[in-house]
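In the UniProt record's numbering, the protein residues as written are 1 to 307.
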Amino acid sequence: MTTRTPTDALVEAWRDQRRWSHAASRLKKRIVRWRTTALALAIAGAVLATLATQVGLDSDVGRGLSVAAAVVLALVPVIRAARLGSDRIEAWTRARSVSEGLKEEVYLYLTGTPPYDGTGRDAELGKRTYSMTDDAEDLAGHTLGCPAEDALLPAVDGVESYLRERVQPQIDRYYTPGAARHQRRLTQLRTVEFGLALLGALLGAVAAATGLDAVGAWVAVVTTVGAAITAHIAAARHEHVVLTYLSTVRQLRARVAQWRDGTDHSPGAAARLVRDCEDVISRENESWMAAWSRDDGGKAEAAPASP
1 MTTRTPTDAL
11 VEAWRDQRRW
21 SHAASRLKKR
31 IVRWRTTALA
41 LAIAGAVLAT
51 LATQVGLDSD
61 VGRGLSVAAA
71 VVLALVPVIR
81 AARLGSDRIE
91 AWTRARSVSE
101 GLKEEVYLYL
111 TGTPPYDGTG
121 RDAELGKRTY
131 SMTDDAEDLA
141 GHTLGCPAED
151 ALLPAVDGVE
161 SYLRERVQPQ
171 IDRYYTPGAA
181 RHQRRLTQLR
191 TVEFGLALLG
201 ALLGAVAAAT
211 GLDAVGAWVA
221 VVTTVGAAIT
231 AHIAAARHEH
241 VVLTYLSTVR
251 QLRARVAQWR
261 DGTDHSPGAA
271 ARLVRDCEDV
281 ISRENESWMA
291 AWSRDDGGKA
301 EAAPASP
């Protein structure tokens, strides 16, 4: 595996990868933002509706709160349909798939891994790049506005630089901190979920002991909010991400250790290592894509009234 002067095919593939990566990140941020907005509106609507009945619907304040609750709750299904539909989820996952696919091809090319070990490697890269982007032609509009300037190509010219520039950063800068971040979010949401369950039980006991309808009304609110949080946890798929990220880290570390401890460092063995590592990363990508493709446009969050 030797250093090669960047060719037009390689530069264009890396440029496309950067554009699709930015597009996918932007699509994901929109989904997360709208899902959080829908959750907040569902909770606010439940609280406002209960406050309206507590104040009294025969008063101006009560009627105002009731109208506000109706408006807020009416926005939730609109957001789900327009911003959290299955088409939005599919657009994000497909854009990310193109980005990751292009990245894989670039690293295979840089390391001279088949099919990029012959004289026709540039034509092969161009063909594969075109195939990926052409399949996602309907999403090309999402790449508009993404950085147009060229990014530096990875400093990879062999297996050691590949492990240093590709595999180790995936472990240390992406999968490991990503798993920790999702675990923190999951723990925080589970804590809120448990706290709401305790509060609901406490309010229920007080309502039963005192017979106060006002307290009983808040039991329903707490229950609704708790259900919203539970649905939000399921929709965000934090637990799935933690498990798949940690599994990928273990697999990549095992491949690196086997290479370091092995005696066969021939070009063929190096090519197999690169392909094996890329397959591990690819399987992780396919796993989360499959999980998100099962999203039914936010219907999993129907309990509160959504990356």
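The beta-carbon is built from N, C-alpha and C at its ideal position, and this holds for glycine as well.
Touching or not, the segment 262-282 and the segment 91-109, by the rule of three or more beta carbon pairs under 8 Å? Per the Cβ contact rule, the segment 262-282 is in contact with the segment 91-109 (3 or more Cβ pairs under 8 Å).
Simplified DSSP state of D264, which is helix, strand or coil: One-based indexing of the sequence shown puts residue 264 at position 264. It is coil, neither helix nor strand.
Cβ contact (3+ pairs, closer than 8 Å) linking the segment 21-41 and the segment 127-145: Output reads yes: the segment 127-145 touches the segment 21-41.
How many angstroms separate the CA atom of S97 from the CA atom of M289? Numbered from its first residue, the sequence shown carries residue 97 at position 97. Numbered from its first residue, the sequence shown carries residue 289 at position 289. Spanning the alpha carbons of S97 and M289 requires a straight line of approximately 8 Å.
Flag this pair as yes or no: are the beta carbons of Y130 and G178 separated by less than 8 Å? For this step, residue 130 is matched to residue 130 along the sequence shown. For this step, residue 178 is matched to residue 178 along the sequence shown. Cβ atoms of Y130 and G178: not closer than 8 Å.
Is L39 close to the ligand FMN? I mean its beta-carbon at under 7 Å from any heavy atom of the ligand. Only the bare structure without any ligand can be found here, which leaves the ligand FMN out of the picture.
Give me the Cα-Cα distance between A95 and V72, rounded to the nearest whole angstrom. Position 95 of the sequence shown, counting from 1, holds the residue named residue 95. Position 72 of the sequence shown, counting from 1, holds the residue named residue 72. Answer to the nearest angstrom: the Cα atoms are 32 Å apart.
Nearest-angstrom Cα distance between H265 and A123? Mapped onto the sequence shown, residue 265 falls at position 265. Mapped onto the sequence shown, residue 123 falls at position 123. Using only the alpha carbons, I get a separation of about 28 Å.
Where do the ends of the alpha helix (DSSP H) carrying G200 lie? Counted from its first residue, the sequence shown places residue 200 at position 200. Note, G200: alpha helix (DSSP H), 176-210.
Any idea if A52 is buried or exposed, counting beta-carbon neighbours within 10 angstroms, 16 or more meaning buried? Working through the sequence shown from its first residue, we reach residue 52 at position 52. Counting C-beta atoms within 10 angstroms of its own C-beta, A52 has 16 or more neighbours from the protein chains shown and is therefore classed as buried.
Out of G158, L152, V206, which has the shortest C-alpha to C-alpha gap to D16? Numbered from 1 along the sequence shown, position 16 holds the residue referred to as residue 16. Minimum Cα distance to D16 is reached at L152.
Do P114 and A271 come within 8 Å of each other at the CB atom, strictly closer than that value? By 1-based counting over the sequence shown, the position of residue 271 is 271. By 1-based counting over the sequence shown, the position of residue 114 is 114. When the beta-carbon positions are compared, A271 and P114 come within less than 8 Å of each other.
Thinking C-alpha only, which one of L203, R260, A13, R33 is nearest L125? Along the sequence shown, read from residue 1 onward, the residue named residue 125 stands at position 125. Ranked by how close their Cα comes to the Cα of L125, the residues L203, R260, A13, R33 have A13 in first place.
8 Å Cβ cutoff met for V219 and G200: Position 219 of the sequence shown, counted from the first residue, corresponds to residue 219. Position 200 of the sequence shown, counted from the first residue, corresponds to residue 200. Contact: yes.
Whole angstroms are fine: how far does the CA of D117 sit from the CA of W292? Position 292 of the sequence shown, counted from the first residue, corresponds to residue 292. Position 117 of the sequence shown, counted from the first residue, corresponds to residue 117. W292 and D117 have their C-alpha atoms some 35 Å from each other.
So, with DSSP's three-state summary, where would you put C146? Taking the sequence shown and counting its residues from 1, the one referred to as residue 146 is at position 146. If DSSP states are grouped into helix, strand and coil, C146 belongs with coil.
For R190, the nearest candidate out of V159, Y174, V225, A214 (CA to CA): Within the sequence shown, numbered from 1, the residue matching residue 190 stands at position 190. Nearest neighbour of R190 by Cα position, chosen from V159, Y174, V225, A214, turns out to be V225.
Report yes if the CB atom of L39 is closer than 8 Å to the CB atom of A228, and no otherwise. Taking the first residue of the sequence shown as position 1, residue 39 is located at position 39. Taking the first residue of the sequence shown as position 1, residue 228 is located at position 228. Here L39 is near A228, since their CB atoms are less than 8 Å apart.
Span of the alpha helix (DSSP H) holding L51? Reading the sequence shown from its first residue, position 51 is the one you call residue 51. Unbroken alpha helix (DSSP H) run through L51: 8-55.
When burial is assigned at 16 or more other CB atoms within 10 Å of the CB, is A257 buried or exposed? Position 257 of the sequence shown holds residue 257. Label assigned to A257: exposed.
R121 (DSSP reduced to helix, strand or coil): Counted from its first residue, the sequence shown places residue 121 at position 121. In the structure shown, the three-state DSSP call for R121 is helix.
Residue nearest to Y109 in terms of C-alpha spacing, selected from W92, H232, K127: Counting from 1 along the sequence shown, the entry for residue 109 is found at position 109. Comparing Cα-Cα distances from Y109 to each of W92, H232, K127, the minimum goes to K127.
In the DSSP assignment, find the alpha helix (DSSP H) that holds Y107 and state where it starts and stops. Residue mapping note: residue 107 aligns to position 107 of the sequence shown, counting from 1. Looking at the DSSP string, the run of the alpha helix (DSSP H) that includes Y107 is 86-110.
Less than 7 Å between C-beta atoms, sequence neighbours within five positions excluded: which residues of the same chain meet that for residue 330? Nothing about residue 330 can be read from this structure; the chain reaches only from 1 to 307.
Compute the Euclidean distance between the alpha carbons of A231 and A42, then round it to the nearest angstrom. Counting from one through the sequence shown, the residue named residue 231 turns up at place 231. Counting from one through the sequence shown, the residue named residue 42 turns up at place 42. Rounded to the nearest angstrom, the two C-alpha atoms are 12 Å apart.
Once DSSP output is grouped into helix, strand and coil, what is the label at T133? Locating residue 133 in the sequence shown gives position 133, where the first residue counts as 1. In the structure shown, T133 sits in a helix (DSSP, three-state: H, G or I).
Could you check if A208 is buried or exposed, using at least 16 other CB atoms within 10 Å of its CB as the buried criterion? Here the question's residue 208 lines up with position 208 in the sequence shown. Exposed, because fewer than 16 other Cβ atoms sit within 10 Å of the Cβ of A208.
Tell me the residue span of the alpha helix (DSSP H) that contains E160. If you number the sequence shown from 1, residue 160 lands on position 160. If you look at E160, you'll find it in the alpha helix (DSSP H) that goes 159-162.
What would DSSP say about D58, mapped onto helix, strand or coil? For the purposes of this step, residue 58 is taken as residue 58 along the sequence shown, with counting starting at 1. In the structure shown, D58 sits in coil (DSSP, three-state: anything other than H, G, I, E or B).
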